[in-house]
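Asker: Pasting a structure here, questions to come.
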Amino acid sequence: MRTPHALALFAAAGCLALTACNPQAADTGAGTSPAPGATAPAGSAPVPPKAGRTTAAVPDFVGQVLQDAQDGAQAAGFYLLSSHDALGKNRNQVLDRNWKVCTQTPRGGTTTGTDTKIDFGTVKNEESCP
């Protein structure tokens with residue numbers, strides 16, 4: 229009779245431990261506020277460098293295969309990457325080699341912190357950019 233209770237207790241403790249270790253839940257952005265007078269949405273403009281922050285020039289990835297753009301961004305020191313369907317069809321970019329970059333934010337040539345997210349607007353290789 230005690231064994232089912234003990235198993236339930238260990239299962240609950242395991243779930244709690246896994247939830248507490250979720251790195252995505254740790255960075256909610258709580259306690260941060262935009263600069264006074266800021267009107268641009270988050271991620272749409274380069275973030276000004278802070279003291280001690282590593283900065284780099286963002287390469288221009290427009291026209292490249294998505295996988296190559298991601299590899300290039302990581303080689304330049306940018307690891308926070310995302311992509312979306314530039315045609316607005318909400319398709320997921322599962323096979324990155326089947327997609328090409330039409331737009332990127334921030335734009336190529338911009339100098340920003342390497343902790344800035346780069347977002348790629350993509351279409352399938354056989355499609356035209358909007």
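Reminder that position 89 of the sequence shown reads as 317 in the numbering used here, one-by-one numbering, no gaps. Where a beta carbon is used, it is the ideal one built from N, C-alpha and C, also for glycine.
Determine which residues share a DSSP beta bridge with residue 333 and list them.
Answerer: Counting from one through the sequence shown, the residue named residue 333 turns up at place 105. DSSP lists 347 as partners of residue 333.
Asker: Note down the Cα distance separating residue 298 from residue 283, rounded to an integer number of angstroms.
Answerer: Walking along the sequence shown from the start, residue 298 turns up at place 70. Walking along the sequence shown from the start, residue 283 turns up at place 55. Rounded to the nearest angstrom, the two C-alpha atoms are 18 Å apart.
Asker: Less than 8 Å between C-beta atoms, sequence neighbours within five positions excluded: which residues of the same chain meet that for residue 358?
Answerer: Working through the sequence shown from its first residue, we reach residue 358 at position 130. For residue 358, where only same-chain residues beyond five positions count, the Cβ hits under 8 Å are 314, 315, 330 and 351.
Asker: Using the DSSP secondary-structure output, state which residues sit across from residue 311 in a beta bridge.
Answerer: Looking up residue 311 in the sequence shown gives position 83. The partner list for residue 311 (beta bridge, DSSP) reads 348.
Asker: Run through the DSSP bridge pairs and tell me what residue 328 is partnered with.
Answerer: Start at 1 with the first residue of the sequence shown, and residue 328 comes out as number 100. Residue 328 is bridged to 293 and 351.
Asker: Would you identify the three-state DSSP class for residue 316, choosing helix, strand or coil?
Answerer: Within the sequence shown, residue 316 is the residue found at index 88, counting from 1. The answer is coil: DSSP assigns residue 316 none of H, G, I, E or B.
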